[in-house]
Every structure is written in structure tokens, then in C-alpha cells.
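Our numbering numbers the first residue of the sequence shown as 19 and each following residue consecutively.
Ideal Cβ placement from N, Cα and C applies to all residues, glycine included.
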Amino acid sequence: MGVRFRKRKRLAPGVDLNIGKRGGSLSFGPRGARLNVGRRGLMGTLTVLGTGLSYVWRSKRRRG
Numbered sequence: 019m020g021v022r023f024r025k026r027k028r029l030a031p032g033v034d035l036n037i038g039k040r041g042g043s044l045s046f047g048p049r050g051a052r053l054n055v056g057r058r059g060l061m062g063t064l065t066v067l068g069t070g071l072s073y074v075w076r077s078k079r080r081r082g
């Protein structure tokens, strides 16, 4: 069985610091339209609130 650790701290309205076992990230934006910046790059989530429908995209990370 794996062990998970994740903690979210609100820094300001619409800005969260996310801390997990493998590092941290920052999330920006209101409910339904979030942008997350972390060590694996940029990720966005658009959600139609109350429906369970969402669209998630991740930027392609350049190696170089």
C-alpha cells in the first residue's frame, strides 16, 4: 500500500500553495478555471461547475 501526502495552503484569494511528497506548486484562478505551475510544467483546468465535466491540459515541457 502506498503512502500519500498532500497539503494545500491558501496564500490569498485565488492563490494556493500545494505541497506534496515530491515537491510543491502554485495554483492560480477562481473555481472552474485554475492554472497550476509546478516542477512538471504548466497545467490548466477548465470546469463546468456542478456538472462534473472538465477539460485539463498540460504544457509540453522543453528539454534542453
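- For Val66, the uninterrupted beta strand (DSSP E) run begins and ends at 59-66, by DSSP.
- In this structure, Ala51 places its C-beta atom within 7 Å of the C-beta atom of Leu64.
- Note: Gly56 is bridge-paired with Ser43, Gly59 in the DSSP secondary-structure output.
- A buried status is given to Ser45, since no fewer than 16 other beta-carbon atoms sit within 10 Å of its beta-carbon.
- For Gly38, the enclosing beta strand (DSSP E) starts and ends at 33-38.
- Bounds of the beta strand (DSSP E) holding Val74 are 71-76.
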